[in-house]
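Working notes, beginning with the structure itself.
In the working numbering, the protein residues as written are 1 to 98.
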């Protein structure tokens with residue numbers, strides 16, 4: 001798929017490529033970059049620790065691409081990608097074949 005980049009150090013056999021290069025106009029580039037960052041977080045980690053009022057993450061959350069989980073205090077939150085955000089970042093095999 002054009003615009004796909006495989007993750008460094010990972011096998012391409014069992015991984016779906018993450019579209020890291022461009023949002024193709026879907027999101028502003030700063031939001032796309034943050035969504036890619038969230039997609040790279042392992043499921044064994046609690047998420048991405050950032051300010052609970054982070055502007056970029058809050059915009060992504062309003063669109064349904066990520067969610068804030070309670071953090072260590074009221075000013076911090078663990079941010080996680082949602083299923084919708086994952087679908088945008090990691091296209092399914094049918095889309096890749098097209």
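Positions of the beta carbon are idealized from the N, C-alpha and C atoms, including for glycine.
If residue i and residue j are in contact, beta carbons under 8 Å, what's the gap, nearest whole angstrom?
i: residue 49; j: residue 64; result: About 21 Å; that fails the 8 Å criterion.
i: residue 37; j: residue 59; result: Incorrect: roughly 14 Å between the Cβ atoms, too far for contact.
Would you tell me roughly how many angstroms separate the C-alpha atoms of residue i and residue j, rounded to the nearest one?
i: residue 5; j: residue 90; result: Residue confidence for residue 5 is low, a pLDDT of 42 falling below 50, so the modelled location carries little weight and cannot support an answer.
i: residue 34; j: residue 52; result: 15 Å
i: residue 24; j: residue 75; result: 33 Å
i: residue 87; j: residue 73; result: 30 Å
i: residue 26; j: residue 83; result: 17 Å
i: residue 3; j: residue 57; result: Only weak support exists for where residue 3 lies, its pLDDT of 46 falling under 50; the value from the coordinates is given anyway. Spanning the two alpha carbons is a distance of roughly 23 Å.
i: residue 62; j: residue 29; result: 17 Å
i: residue 66; j: residue 77; result: 12 Å
i: residue 85; j: residue 44; result: 18 Å
Give the single residue among the options whose Cα lies nearest to the Cα of residue i.
i: residue 79; options: 26, 29 and 42; result: 42
i: residue 69; options: 46, 26, 83 and 29; result: 46
Going by beta-carbon coordinates alone, are residue i and residue j separated by less than 8 Å?
i: residue 81; j: residue 55; result: no
Only counting runs of 4 or more residues, tell me where the alpha helix (DSSP H) segments fall wholly within the segment 20-94, in order along the chain. 29-39, 55-62 and 83-89
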